[in-house]
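Here the structure is laid out as structure tokens; the discussion comes afterwards.
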Amino acid sequence: MKLSIVLSTHDAQFQAVALKGDFESNIVKIAGWGYDGVELAIRDPKLVDVEQLESVVSANRLAVPAIGTGQAWGEEKLSFTSDDPAVRAAAIERIKSHVPLASRLRAIVIIGLLRGITPDGQSHQQSMDYLVEALQSCCLTAAEQDVRLALEPLNRYETDLVHTVADGLDLVERIGAENMGLLLDTFHMNIEEPSIEESIRICGDRIFHFHVADSNRWHPGAGHLDFGSILATLYGLGYKGFVSGEFMPLPDADSSAEYGITYLRKLQQEHKLR
Ligand code: LER
Ligand code: MN
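Each number in our numbering comes from the position in the sequence shown (counting from 1) with 1 added on.
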């Protein structure tokens with residue numbers, strides 16, 4: 002079981018990121034706790050010194066399984082489904098600008114909140130059409146550099162677009178690209194899926210990446226989700242990607258990161274997960 006944790010390269014409003022602040026000291030801590038990788042939340046790749054980032058990450062022997070992009074919605078309101086064509090174009094360009102960095106780091110590019118929310122006066126169907134158009138265009142650019150995109154079903158309180166694995170798989174089919182898959186997040190699944198385990202099975206090899214947080218969005222072990230069963234189902238499918246911690250910095254950032262990995266490694270042993 003390859004474990005990573007989300008680290009924001011810059012200050013952000015999004016709360017379910019345990020780690021923010023000085024990049025290098027966080028990377029050193031993440032490696033020290035025994036994580037295999039770090040998932041980077043990056044608002045805009047232009048803000049990142051790629052050489053420096055790569056050297057810090059590789060000096061600490063961490064992989065970068067995925068790049069989160071949602072801060073471009075959180076901080077700048079870029080959206081694939083805006084009713085303003087200039088905003089949609091800027092959102093598409095922003096995702097395409099992540100592709101060279103993702104290719105270099107061999108990371109998946111995550112499409113979470115950047116899909117946006119249907120604006121007043123626009124139909125849901127129109128939003129879905131914009132979303133398909135945007136993702137098809139991004140998939141083409143990403144495929145040229147062997148990069149995969151993962152759309153994350155999100156719960157109903159965050160968006161009206163794509164809540165479940167079933168919604169996500171319909172969209173993946175409409176996009177029709179080999180490099181388009183889903184990112185499943187146990188926090189959202191606990192709200193939206195009839196059965197977390199069954200939805201994991203249905204998603205199968207379209208699971209490109211996996212986020213873990215407990216029912217209360219604290220670290221795994223702090224709520225009532227059955228991570229033994231969830232992870233046994235995931236690995237039972239032959240999943241080879243990362244399981245990435247995306248949870249609140251509670252009771253404090255460092256403790257959450259440490260409790261999270263300790264709990265997941267214990268389950269790994271108990272359930273003999275690879
Ligand atoms: C991002 O991965 C996520 O899970 C969302 O809740 C963002 O708001
Ligand atoms: Mn998530």
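Every residue gets a Cβ at the ideal spot worked out from N, C-alpha and C, and that includes glycine.
Within the same chain, and ignoring the five residues on either side of Phe211 in sequence, the residues whose Cβ sits closer than 6 Å to its Cβ are Leu185 and Val244. With 5 Å as the limit between CB and the heavy atoms of the ligand MN, the residues that fall short of it are Asp186, His212 and Glu247. Taking a C-beta distance under 8 Å as the contact criterion, Ser83 and Pro46 do not qualify as a contact pair. Annotation: Val88 to Met181 spans about 22 Å, alpha carbon to alpha carbon. Sixteen is the threshold: when 16 or more other Cβ atoms of the shown chains lie within 10 Å of the Cβ of Arg116, as they do, the residue is buried. For the pair Lys97 and Ala151, the Cα-to-Cα distance works out to about 14 Å. Nearest Cα to Leu232 within the set Val213, Val7, Gln53 and Pro250: Val213. Residues Leu8 and Leu20 of the same chain have their beta carbon placed closer than 6 Å to that of Asn27, with the five preceding and five following residues left out of the count. Taking C-beta atoms as the reference points, Ile201 and Ile208 count as a pair closer than 8 Å.
If you draw a straight line from the Cα of Arg149 to the Cα of His164, it comes to about 21 Å. Its chain contains Arg44 and Leu48 as the residues whose beta carbon lies nearer than 7 Å to that of His11, once the 5 sequence neighbours on both sides are disregarded; these appear in chain order. DSSP places His220 outside both helix and strand once states are collapsed to three, so it counts as coil.
For Val51, the three-state secondary structure derived from DSSP is helix. For Met190, the enclosing alpha helix (DSSP H) begins and ends at Thr187 to Glu193. Taking Ala42 as reference, the option from Tyr236, Val133, Pro250 and Ile111 with the minimal CA-CA separation is Ile111.
At least 8 Å separates the beta-carbon of Ile68 from that of Leu114. Restricting attention to Cys204, Val166 and Glu179, the CA atom closest to the CA of Gln137 is found in Glu179. Linking Leu172 to Leu183 through their CA atoms gives a straight-line distance of about 10 Å.
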